[in-house]
Amino acid sequence: MYQYDKYDQMMVDQRVAQFRDQTRRYLAGELTEDQFRPLRLANGLYIQIHAPMLRIAVPYGLMSSKQVRKVADIARRYDKGFVHFTTRTNFQLNWPKLEDVPDILAELATVQMHAIQTSGNDIRNTTTDQFAGINAEEIEDPRPWAEIIRQWSTFHPEFAYLPRKFKIAIIGSENDRAATKLHDIGLHLVKNHDGEIGFEVLVGGGLGRTPIIGEQIRPFLEKEDLLSYLEAILRVYNRLGRRDNKFKARIKITVREHGINHIRELVEAEWVQIRDQLRLDQKEIDRVKAFFTEPDYDSNAAADTSFEAKLEEDKAFARWLKQNTFEHKVPGYKAVYVSLKKHGQAPGDITSEQLEIVADLADKFSFGEIRSTHTQNLVLADVKQADLYELWQQLQAEGLATPNINTLTDIICCPGLDYCGLANATSIPLSKQIAERFDDLDHLYDLGDIKIKFSGCMNGCAHQSVGHIGILGVDKKGEEWYQFTLGGSSEADASIGERLGKAIPKEDVVDTVSHLIDAYVDLRREDESFLATVRRVGVDPFKERVYADN
Amino acid sequence: MQIIKDREIVEDNWLHLDDEAQLVAGNITVSLARWQEQHETLEHHEGGLGLRLSGDDPLEEIVPDLARFSLIVLLFPVFTDGRCYSYAKLLRERYGFKGEIRAQGDVLQDQLFYMSQCGINSFELANPNRLTNALSAFDDFSESYQATVLRPEPLYRRR
Ligand code: HEM
Ligand code: SF4
Chain E
1 MYQYDKYDQM MVDQRVAQFR DQTRRYLAGE LTEDQFRPLR LANGLYIQIH
51 APMLRIAVPY GLMSSKQVRK VADIARRYDK GFVHFTTRTN FQLNWPKLED
101 VPDILAELAT VQMHAIQTSG NDIRNTTTDQ FAGINAEEIE DPRPWAEIIR
151 QWSTFHPEFA YLPRKFKIAI IGSENDRAAT KLHDIGLHLV KNHDGEIGFE
201 VLVGGGLGRT PIIGEQIRPF LEKEDLLSYL EAILRVYNRL GRRDNKFKAR
251 IKITVREHGI NHIRELVEAE WVQIRDQLRL DQKEIDRVKA FFTEPDYDSN
301 AAADTSFEAK LEEDKAFARW LKQNTFEHKV PGYKAVYVSL KKHGQAPGDI
351 TSEQLEIVAD LADKFSFGEI RSTHTQNLVL ADVKQADLYE LWQQLQAEGL
401 ATPNINTLTD IICCPGLDYC GLANATSIPL SKQIAERFDD LDHLYDLGDI
451 KIKFSGCMNG CAHQSVGHIG ILGVDKKGEE WYQFTLGGSS EADASIGERL
501 GKAIPKEDVV DTVSHLIDAY VDLRREDESF LATVRRVGVD PFKERVYADN
Chain X
1001 MQIIKDREIV EDNWLHLDDE AQLVAGNITV SLARWQEQHE TLEHHEGGLG
1051 LRLSGDDPLE EIVPDLARFS LIVLLFPVFT DGRCYSYAKL LRERYGFKGE
1101 IRAQGDVLQD QLFYMSQCGI NSFELANPNR LTNALSAFDD FSESYQATVL
1151 RPEPLYRRR
């Protein structure tokens, strides 16, 4: 993975010093609340119901075991001993003290970590596919490009005060595990007719109040032009994006108001002016790529026979393997999910002790690297098949092997009313109840791939509008109600879910999920997935089932 | 009034004229509207001439006139309005403006670093009592990853 040189290190160290001084001035009354807010947000710091919330960046979802141990240590010493992973592969501390934040950032800097631009109206952490670099269908590893974007976007002087936040996601294969179509910019590594590799560029996707799927702005961009093209888009947006209404300030609205064709004209006109100046040097591309070379894989890994034997003799192991691992491009290896979706536990939460064990397991079995996923799980990406049984046993002992990846209980859920000052409604406790209701694994597997996404308010941090089943907390005269949507998707076939009907009271939420599932089981044809069924029959048959007994 | 110019605290010798105010000799700045209305008179102005622009003004339209100005004032109505960062950068890099570019309005210490990297070289702080403290902000970072006005080569060419 990428290693800081003296420049990268100096930049994060100077950032800590800058924020330490800003915090001091705020606490001394020299900065007003309004003046301090954008500064703290640019360092990941929200002020929440119980305490500040600090969002720490995991650039493109990649961490070393050393970093994970540091995170565990920080969570224990400055917080309540656990962290929460988010849909943008970052993680959050829910209870730090404001005065401690500069020290926390200083500790993070010692392991090449930071909270830079994890909130606020700036360019956020660039995310990617958790199987980058190891999946056989990949056209090219997107991570070096994500790192190049990280550096370009960090402290970009022109784009620190954008109309609104700006998120970029990049993938290297057709299978979209990073919700690129729902990002302000989505980048797809593609091959053109001449066999050259470049980027397809999408713009204007986003979730929140007005979910919109990104549109193609350029079918093919030469790789060397990546930064100039991004800079052109950002400059057009910085000048044109609305600043009169924060609900209309995202680039998705700029694109909608002006039309993709007009935006394309503006961007291309800007781009031709800066293209030569900002063309990436091959030397720099090579420098960054050199950090993402393949680890030292064992060429004999597939020869192992113990693995097959274990599969035969241990049904639980076989079940976990089928559900929680992913095919690796190297024979004899697998990528392994560490499930943060144990039934009855807050989705995406992990304790310091668990983090330390995951770090040890990564050292022992997966070249010391850990990845975080858009679905709020972790991944050990390079595990030899001979090691899988032992790894599974150890994960299981820690409650990290719930074999539910991509099932109904692999719920994406925001913090909701338990932690978030903007929430209308509770989300985590209801997610837990849903998971408990569907505790029977055979039933879960029979239901197949069903993505439930659950947000506590319109901001949609859990992407409910692109959930196969989306659940959104709404406030009705001070009471918690829930709006369901069906048929959304954040993948290559992205779509926005359709409203099921009027909002549902809190006590009926879990039953409503059951009704939806029962309806699906009746309606599906053979092994038709939930999403395919909804797309075929529409929401009406589901609606009838849910509202029939109300 | 004192301002920061080229990283030093200096006495300001410019007068920002309202659109209604009488023209006077000496260094003055005018709004875009006034420039467009009275440019014939202003061409013969005795003293320095400066132009005030906000993020709402069409930057490209004044490019042919730039040579007439020795100062461009960029207005930041609130410090979170980042449009004029792009204006400064374009004025310097694309339109070759060599004169003074000044930030005016809600200008605070914590934005000076970014502003200066975009080519703004003078600053009327919202709170003129904080000039001395603010001077340190130019050194908040000793490098930038990007190609900036002050460091035209991106960092990777220097690595
Ligand atoms: C308690 C802490 C949190 C607060 C105060 C918060 C606040 C917000 C706000 C205000 C928005 C709307 C922004 C907009 O519409 O432009 C938003 C969107 C979002 N948040 Fe959060 N959030 C929190 C936690 C989380 C968590 C835990 C996740 C991940 C699980 C997350 C991921 C996102 C994402 C992905 C979006 C939508 C991005 C888009 O519109 O494209 N946030 N958040
Ligand atoms: S969706 Fe709403 S309730 Fe949930 S974390 Fe985001 S802002 Fe808070």
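Quick note, the sequences are listed as chains E and X, same order. When we follow my numbering, the leftmost residue of the first sequence carries the number 1, and every step to the right adds one. When we follow my numbering, the leftmost residue of the second sequence carries the number 1001, and every step to the right adds one. Glycine included, each C-beta is placed from N, C-alpha and C at the ideal position. Only a predicted model underlies this, so the values are computations on that prediction, with no experimental measurement involved.
query	result
Helix or strand or just coil, what does DSSP make of valine 466(E)?	helix
Identify, in the order they occur along the chain, each residue of the same chain with its Cβ nearer than 7 Å to the Cβ of leucine 1112(X), setting aside the five sequence neighbours on each side.	Phe1123, Ala1134, Ala1137, Phe1138
Thinking C-beta only, is isoleucine 168(E) closer than 8 Å to threonine 126(E)?	yes
Check whether the Cβ of alanine 179(E) sits closer than 7 Å to any heavy atom of the ligand SF4, and report yes or no.	no
Return the chain-ordered list of same chain residues with a C-beta closer than 6 Å to the C-beta of phenylalanine 365(E), the five sequence neighbours on each side being excluded.	Val383, Asp387, Leu391
State buried or exposed for arginine 124(E), treating a residue as buried only when at least 16 other CB atoms are found within 10 Å of its CB.	buried
DSSP has threonine 128(E) in a bridge; who is on the other side?	Ile170(E)
Out of curiosity, what's the CA-to-CA distance linking valine 1024(X) and leucine 1091(X)?	27 Å
What does the Cβ neighbour count give for valine 272(E), buried or exposed, with the cut at 16 atoms within 10 Å?	exposed
Would threonine 1132(X) count as contacting chain E if we go by Cβ distances under 8 Å?	no
What do you reckon, are the CB atoms on tyrosine 1156(X) and glutamate 224(E) nearer than 8 Å?	no
Going by the CB atoms, is the gap between alanine 462(E) and isoleucine 412(E) shorter than 8 Å?	yes
With 16 as the cutoff for other CB atoms within 10 Å, does histidine 328(E) come out buried or exposed?	buried
Measure the Cβ-Cβ separation of leucine 355(E) and valine 71(E) and say whether it is below 8 Å.	yes
Restricting to runs no shorter than 4 residues, where is the alpha helix (DSSP H) found entirely within the stretch 327–408 of chain E?	352–365, 388–397
Going by the CB atoms, is the gap between methionine 113(E) and phenylalanine 1141(X) shorter than 8 Å?	no
Which residues end up in the neighbourhood of the ligand SF4 when you take C-beta atoms closer than 6 Å to any of its heavy atoms?	Cys414(E), Pro415(E), Gly416(E), Cys420(E), Leu422(E), Ala423(E), Ser455(E), Gly456(E), Cys457(E), Asn459(E), Gly460(E), Cys461(E)
Given a threshold of 16 other Cβ atoms within 10 Å of its Cβ, counted over all protein chains shown, does valine 1010(X) qualify as buried or as exposed?	exposed
How far does the alpha helix (DSSP H) with histidine 188(E) in it reach, from first residue to last?	From DSSP, histidine 188(E) is part of no alpha helix (DSSP H) but of the beta strand (DSSP E) over 185–191.
DSSP three-state call for alanine 1103(X): helix, strand or coil?	strand
Tell me which residue opens and which closes the beta strand (DSSP E) that tyrosine 46(E) is part of.	45–47
Starting from isoleucine 274(E), follow the alpha helix (DSSP H) in both directions and report where the run begins and ends.	260–274
Using a beta-carbon distance below 8 Å, is arginine 143(E) in contact with chain X?	no
Going by Cα to Cα distance, which pick from Ser465(E), Asp276(E), Tyr333(E) is closest to alanine 302(E)?	Tyr333(E)
Report yes or no: is there a C-beta of chain E within less than 8 Å of the C-beta of tyrosine 1145(X)?	yes
For the beta strand (DSSP E) containing isoleucine 56(E), list its first residue and its last residue.	52–56
Please list, in chain order, the residues of the stretch 283–296 of chain E that have any C-beta partner in chain X closer than 9 Å.	Lys283, Glu284, Arg287, Val288
In chain E, which residues lie with their C-beta within 8 Å of the C-beta of serine 1142(X)?	Met10, Gln14
Apart from the five residues just before and just after proline 505(E), which ones in its own chain have a Cβ nearer than 7 Å to its Cβ?	Trp481
Output the boundary residues of the alpha helix (DSSP H) element that contains isoleucine 74(E).	65–78
At least one CB of chain E closer than 8 Å to the CB of glutamine 1117(X): is that the case?	yes
Where does serine 431(E) fall in DSSP's three states?	helix
Considering only the beta carbon of each residue, do isoleucine 568(E) and asparagine 324(E) sit closer than 8 Å?	The shown model of chain E, from 1 to 550, leaves out residue 568(E), and the question about it has no answer.
Can you tell me the Cα-Cα spacing of asparagine 90(E) and serine 153(E), whole angstroms?	17 Å
Using a C-beta cutoff of 8 Å, does threonine 1080(X) count as contacting chain E?	yes
Would isoleucine 213(E) pass as a contact of lysine 181(E) if the rule is Cβ separation under 8 Å?	yes
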